[in-house]
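Participant: In the numbering used here, the protein residues as written are 1 to 187.
We put the CB at the ideal spot given by N, CA and C, even for glycine.
Note that the coordinates shown come from a computational prediction; the quantities given were computed from them, not determined experimentally.
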Amino acid sequence: MNMFEKTTKAVKEVGESVFDSAKSLGSSIYSTSKEQSELAGLKIQKSVIEKRLQDSYAEIGKRYVQYMANADGGEAFDVSDILETMKPDLDKLAEIETAIAEKELNAKREDELRLQKKAQDEFEEEKAKLNKALEIDIITQEEYDEKLAVIQKKLDNYDKLRKIEMQLQMGIISKDEYSEKIDKILK
């Protein structure tokens, strides 16, 4: 196999890898947008119920003010009729809040899995490039081993690197501290 054939084969394999990644991304985006739509729907339902409950709370407050204004100690403060009408809304609200919490937790998990998969895919892509470069004698075995060790460290320390990135984004650390921490992990 001559150099041209090796290069053509390497380019074809990288292209296939990019195509597979794009296809995976498309299905991931659909799933994410569906989850976001469901979450938005639940939040709208929650706000509608909370508005109805606000009206009931206002009525309870109004009755209490009337009770205090007319307090002669004879009759008890009674809002059981309002509480009875509120019960289905309160139950539904609790159910919706639970569903929202579950959806948000699932979205966070999905996002984390997506990021981990992306890191794994990037590792595999870089490793494939290194393998091809080694195969067609563009790099030496020593260079290959060094570069592979660096990308392997990135993958192995994914969580640490991600947390450091978040610290930088939140302004907890400076760019210099960020670079120092990253270098310490990758060396």
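With DSSP as the reference, label Gly171 as helix, strand or coil.
Facilitator: coil
Participant: Distance, Cα to Cα, Leu90 vs Tyr158?
Facilitator: 43 Å
Participant: By the DSSP assignment, the alpha helix (DSSP H) with Glu122 in it spans what residues?
Facilitator: Taken as a continuous stretch (DSSP letters only), the alpha helix (DSSP H) holding Glu122 covers 80-135.
Participant: Beta carbon of Asn131, beta carbon of Glu35: below 8 Å?
Facilitator: no
Participant: Would a C-beta distance cut-off of 8 Å place Leu93 and Glu50 closer than the cut-off?
Facilitator: Yes, the Cβ-Cβ distance between Leu93 and Glu50 is below 8 Å.
Participant: How is the alpha helix (DSSP H) around Ile151 delimited, first residue to last?
Facilitator: 141-156
Participant: Going along the chain, which residues of its own chain have a beta-carbon closer than 8 Å to the beta-carbon of Glu146, five neighbours each way excluded?
Facilitator: Non-local beta-carbon contacts of Glu146 in its own chain, meaning distances under 8 Å to residues more than five positions away in sequence, are absent.
Participant: In whole angstroms, give me the CA-to-CA distance for Leu53 and Asp72.
Facilitator: 29 Å
Participant: Examine the Cβ distances between the segment 36-46 and the segment 96-104 and report whether three or more of them are shorter than 8 Å.
Facilitator: Segments in contact, yes.
Participant: State yes or no: is the C-beta of Leu155 within less than 8 Å of the C-beta of Tyr144?
Facilitator: no
Participant: Going by alpha carbons, who is nearest to Tyr178 out of Pro88, Leu168, Lys187?
Facilitator: Leu168
Participant: Going by the C-beta, is Gln54 closer than 7 Å to any heavy atom of the ligand SAM?
Facilitator: With respect to the ligand SAM, the structure offers nothing, as it holds no ligand at all.
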